[in-house]
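Undergrad: Residue numbers (the working numbering), protein chains in the order written: chain A, 425 to 991; chain B, 898 to 1161. We treat Cβ as the ideally placed atom computed from N, Cα and C, and that holds for glycine. Quick one: the structure is below, questions incoming.
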Amino acid sequence: MSELVLKNGIVYDPINNVNGEKMDILVKDGKIVEKLNGNAKTIDCSGKIVMPGGIEIHSHMAGGKVNGGRLFQPEDHVRFAMPKTKVTRSGTGFSTPTTFLTGYLYSKMGYTTGMTAAMPPLMARHTHEELKDIPMIDKGAYCLTDGNWFIMKYLKNGEIEKCAAYVSWLLKATKGYVVKITNPCGTEAWGWGKNCRSLDDPAPYFDITPRELVKGLVEVNEILKLPHSVHLHANNCGRLGNFVTTLETFKVPNGTKPAAKRQIMHATHIQFHSYGGDTWHNFESKADEIAKAVNSNKNIVIDTGTVTLDHTTTMTADGPLEYYLQSLTHLKWMNRNVEMETSPGITPFIYSRKMPTASIQWAIGLELSLLIKDPWQVLMTTDHPNAGPFIRYPRIIAWLMSRKYREETASKVHKVIYDRSTIDGIDREYSFYDIAIVTRAGEAKALGLSDRKGHLGVGADADIAVYDINPSEIDPSRDYKEIEKKFSSAAYTIKDGEILVKNGEIVQTRYGRTLWVNSKVDGELEKEVMKDIEYNFKRYYSVNLANYPVREEVLTRSTEVTRSASV
Amino acid sequence: MMTDVILVPKVQHKISLEAEVIKPDEFAGKTIEEIKELPVYFGNTVQKLGDFFEVSGSAEENAENLRIVVEGDVSRVKRIGEGMTTGEILVKGDVDMYLGARMKGGRIVVEGSVDSFAGQQMRGGEIEIKGNAKDYLGGSYRGDWRGMRGGRIIVEGNAGKEVAEFMRGGEIIIKGNCDSFAGVHMKKGLVIIEGSVAERVGAEMVGGSIIVLGEMANLLPSFKIGEVVEGLKIDGREFPGKFRKYIGDFAEGPSVKGVIYKRL
């Protein structure tokens, strides 16, 4: 395989504490190495920023819902199209791009890894078939566990070890990477036309509260020693006054120790969970309260879910939320109940600059990024496509790096933001080092991937992004348009040591790995749980157990991450 | 002073040609040679306008004073006048789909008939069709909930199904008859049907007005029967005679404001 030298780049590598130093990066056989002996190809990176490849921690880019969103929105596809080139296929879709387009667009921005945020276990096969069609990036899928009958039953009966064994089986069967919880218990309640509006509001029949479910799954996650913590979409997402629930949710894992050097809980798209007020007329930002809580709790990592003020699609495993949204907008919507597992929904949404609510939502996303002091704790997402499509990341980077840009946008949105958010009073501007944390290093660390991804140290995967920005010549707070432009089209995206993108154009396509967790538990315990699983599949599921697990052959470059549980 | 650019189709083709470049905004200020070089989509290939049309005349700098005359049958040419903002297009024959889609201003006259989706999501300007129009006249894009918002469409002949689908403003006048689902999902605007109209007129409409001067097939049961009005005045237009008013479509909720007037 090829050897590569990235010469004289200005390197930002937060995991190795490299902050804008001029250095060479050496690549051999898809890995970063210390020494090269052969005739390596040299790329001159002088006057350019070199960072690890970007990592997406929460994006709905594959799966049943995403496909539903594509199918019922032809109007989304007429808005954005990319013709085929010699190396790429054509693709369409603004907020729900086609599989191939998804890979190309991420790669153009210098991203090399992406995680799809919600995979109902029963839809795992479909999700992986779609992931198989996403080129350019390494992939993984988060397995939904929020309304799962097995989990609720075990936890209610206090059988935490059995629950752990079941989750371990579920991750293996679905080839999932993360334990994802969406609206804990609420998605099960939705089967009864209800929802769980507080942490102590139990799911019908199973009589387990969101608090118990989250606490239980946090413990299970640590028993299994999984690479990532639980990935939680908390209750009351998008509801008025929900910041109270969010603050309480942050306290739920207290007392449980993380099994690895990482957070105990990843709370996702917190922008949707930082709302104050009790009517839409006094709706306000509570980002400051949330930031205070995160600043005082080192065990929590959040991602923002920043609103980009676009016409987009909302899709989540939180079925009741989608029902609620469509009752506000009266637009088309979809809802489904995935048997014993979860109940997702989809509806289009327009974040209009003229709308007070959308304007405040925009402010909240940025407030969170700016008010939380430690960038390792506040990662950048748009919860693609819920708050905006991921192709807007460069714009968010520019907003974070430039107070002037924020002021300019603020002057174009509804003026309520001056009264009901604190965005106008925040001077902080992100540095390139901070950006490297919130777009790649922080993600790698939070996902437990920092041994091989998110940094440029020796032994790491050679996933590298080069941007044509010279930090000594550009003033990001003034030239924010330039920053946005440069982060939109990477000078080089290098994946596993191969140049995939050059000057924003894709020069070759490759397929990335699919990461999944091979979680191992005690054999006897597993056998016992299998009996339960077999019984319930015969009785309740519409598919045969033998047809349920996703075979490894479906995955592109299947890459297992093995973890042995403490039971 | 109007100047003309004349397009004469050279070849008849079975595969449709997508030519959104045929509009005064694109032609203005270009030489005839430059106009011939404009890209058109033929199947999955990109070709030149000059390969399909003889181009003559002269293009004015100002699109406002420019008229494009298409002499002949272009019944396999789609998207003529798509997104145009000013000037005029005259087609002396039949036209394929998406005529004047998303148009904002100017005027299109078609002496023959048009296929479906003419005036789709248009916002302004005028389309005059001497022949018939097919389905979804002044409708929305597939999946979209925003149809025609402004401007006027006049059809001398008959119109197909789902005329004024998701209409949100503007005016559509059908001098002939109209097929089923006229004014489906309508929210605002005015549809005048001088001939008769087939079943399910105004289905799921929540606002706007439909005036039927001829016969009307069975109305949906979700409409309320209103009073009889003598002599109708709407948007500065007067309609003599007695009209029965119907309000609906209550399948969409309790506060709908759609109105159908049927001349008795």
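#1: Against chain D, does aspartate 1041 of chain B count as a neighbour if the rule is that its beta carbon must be under 8 Å from one of theirs?
#2: Counting Cβ pairs, one atom from each stretch, are 3 or more of them under 8 Å apart for the region 629-640 of chain A and the region 967-977 of chain A?
#3: Tyrosine 995 of chain B CB to nearest chain A CB: under 8 Å?
#4: Please determine, among A:Lys455, A:Gly454, A:Gly534, A:Ala464, the residue with the shortest C-alpha to C-alpha distance to glutamate 929 of chain A.
#5: For the beta strand (DSSP E) that contains serine 982 of chain A, what are its first and last residues?
#6: For methionine 1113 of chain B, list the residues DSSP reports as bridge partners.
#7: Could one say the Cβ of tyrosine 1033 of chain B lies closer than 8 Å to chain A's Cβ atoms, at least one of them?
#8: Please classify asparagine 491 of chain A as buried or exposed, where buried requires at least 16 neighbouring CB atoms within 10 angstroms.
#9: Helix, strand or coil: which one does DSSP assign to alanine 613 of chain A?
#10: Quick check: the region 974-983 of chain B against the region 918-932 of chain B, are there 3 or more CB pairs under 8 Å?
#11: For isoleucine 912 of chain B, count neighbouring C-beta atoms within 10 Å of its own C-beta (all shown protein chains included) and say buried if the count is 16 or more, exposed if not.
#12: Quick check on glutamine 497 of chain A - is its C-beta less than 8 Å from some C-beta in chain B?
#13: Rounded to a whole number of angstroms, what is the C-alpha to C-alpha distance between serine 953 of chain B and valine 902 of chain B?
#14: Enumerated in chain order, which unbroken segments of the alpha helix (DSSP H) with a length of 4 residues or greater are wholly contained in the region 529-615 of chain A?
#15: Hey, out of A:Lys955, A:Ser483, A:Gly433, whose CA is closest to aspartate 727 of chain A's CA?
#16: Just to confirm, are glutamate 934 of chain B and glycine 926 of chain B a CB contact at a threshold of 8 Å?
#17: Which partner residues does tryptophan 940 of chain A have in the DSSP bridge list?
#18: One question on the structure: do aspartate 562 of chain A and threonine 536 of chain A come within less than 8 Å of each other, judged by their Cβ atoms?
#19: Distance cutoff 8 Å, beta carbons only. Does tyrosine 1038 of chain B sit that close to anything in chain A?
#20: If you reduce the DSSP assignment to three classes, tell me which class asparagine 759 of chain A lands in.
#21: Between leucine 755 of chain A and chain B, is any beta-carbon pair separated by less than 8 Å?
#22: Could you check what DSSP says for aspartate 851 of chain A in three-state terms: helix, strand or coil?
#23: Count the other CB atoms within 10 Å of the CB of lysine 993 of chain A; is the residue buried (16 or more) or exposed (fewer)?
#24: With a threshold of 8 Å between beta-carbons, can valine 490 of chain A be considered close to chain B, or not?
#25: Could you confirm whether any beta carbon from chain B is found closer than 8 Å to the beta carbon of valine 451 of chain A?
#26: Mapping the DSSP letters down to three states, classify glutamate 445 of chain A as helix, strand or coil.
#27: Return helix, strand or coil for tyrosine 938 of chain B, following the three-state DSSP convention.
#28: Taking DSSP as the reference, what is the three-state secondary structure of methionine 779 of chain A?
#29: Please report how far the alpha carbon of proline 906 of chain B lies from the alpha carbon of valine 966 of chain B, in whole angstroms.
#30: What would DSSP say about histidine 697 of chain A, mapped onto helix, strand or coil?
#31: Report, in whole angstroms, the separation of the C-beta atoms of valine 725 of chain A and histidine 693 of chain A, which I expect to be a contact under 8 Å.
#32: Using the rule of at least 16 other Cβ atoms within 10 Å of the residue's Cβ for burial, across every protein chain shown, is glycine 947 of chain A buried or exposed?
#33: Give the single residue among A:Trp940, A:Glu952, A:Val890 whose Cα lies nearest to the Cα of asparagine 994 of chain A.
#34: Do histidine 697 of chain A and asparagine 666 of chain A have their C-beta atoms closer together than 8 Å?
#35: Across the region 796-815 of chain A and the region 829-845 of chain A, are there enough close Cβ pairs to call them in contact, namely three or more that are closer than 8 Å?
#36: Please list, in chain order, all residues of the same chain as leucine 733 of chain A whose beta carbon is under 6 Å from its beta carbon, the five residues on each side excluded.
TA: With the structure as the only source:
#1: Given the protein chain composition of this structure (A and B), no chain D is represented.
#2: no
#3: no
#4: A:Gly534
#5: 982-988
#6: B:Val1094
#7: Output row for tyrosine 1033 of chain B: interface = no.
#8: buried
#9: Helix, per DSSP.
#10: They touch, by the three-pair rule.
#11: exposed
#12: yes
#13: Whole-angstrom Cα-Cα distance: 6 Å.
#14: 548-556, 573-580, 584-598, 610-613
#15: A:Ser483
#16: Taking 8 Å as the Cβ cut-off, glutamate 934 of chain B and glycine 926 of chain B do not qualify as a contacting pair.
#17: A:Glu984
#18: yes
#19: yes
#20: strand
#21: yes
#22: coil
#23: As shown, chain A starts at 425 and ends at 991. That puts residue 993 of chain A outside it, with no answer to give.
#24: Valine 490 of chain A is outside the set of residues whose beta carbon lies under 8 Å from a beta carbon in chain B.
#25: With a threshold of 8 Å between beta carbons, valine 451 of chain A makes no contact with chain B.
#26: strand
#27: strand
#28: coil
#29: Their Cα atoms are separated by approximately 11 Å.
#30: helix
#31: Rounded, the Cβ-Cβ distance is 13 Å, inconsistent with contact.
#32: exposed
#33: The first residue shown for chain A is 425 and the last is 991, placing residue 994 of chain A beyond what the model contains.
#34: yes
#35: no
#36: Tyr775, Arg777, Trp786
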